[in-house]
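As structure tokens, the structure follows; a few thoughts come after it.
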Amino acid sequence: MEHLQPLNRKGKKMLRKIEENEKMDVQGLQLPFGCTTVFDPGWEADNSGLGVAGGCQPMERDLYGCYGDCWWAAQVPDGMNKYPEWHQACPAAVRDWQKLKFVDE
Numbered sequence: 255m256e257h258l259q260p261l262n263r264k265g266k267k268m269l270r271k272i273e274e275n276e277k278m279d280v281q282g283l284q285l286p287f288g289c290t291t292v293f294d295p296g297w298e299a300d301n302s303g304l305g306v307a308g309g310c311q312p313m314e315r316d317l318y319g320c321y322g323d324c325w326w327a328a329q330v331p332d333g334m335n336k337y338p339e340w341h342q343a344c345p346a347a348v349r350d351w352q353k354l355k356f357v358d359e
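Using the working numbering, the first residue of the sequence shown is number 255, and each one after it goes up by one.
Here you go:
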């Protein structure tokens, strides 16, 4: 802590506790949690190299990177299919967004 100086009351209180070797109330997590151990390079762009142009619609390319690992586990299905007519029920997205469906009924 030689190079850092506290600027507010909370910082000064923390510094005092550290100097007095007082046990802190809150401690950081000691092991990786959730998706911090997942390495998934390449999900940012599609196979054409044009960003998300070839990804599934309407949620784009991020779904391919998340359904197999541990990202958004409750919200993402086990697999994705492309439905070319997904937008037909929703001509005005601002007004009709609730009509969008991800799986054909």
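Here a beta-carbon is modelled for each residue, glycine too, at the ideal position from N, C-alpha and C.
Keep in mind it's a predicted model, so treat the numbers as computed, not measured.
- Between the alpha carbons of residue 265 and residue 259 lies a distance of about 8 Å.
- Excluding residues up to 5 positions away in sequence, 350, 351, 353 and 354 lie with their Cβ nearer than 8 Å to the Cβ of residue 344 in the same chain.
- For residue 347, the three-state secondary structure derived from DSSP is helix.
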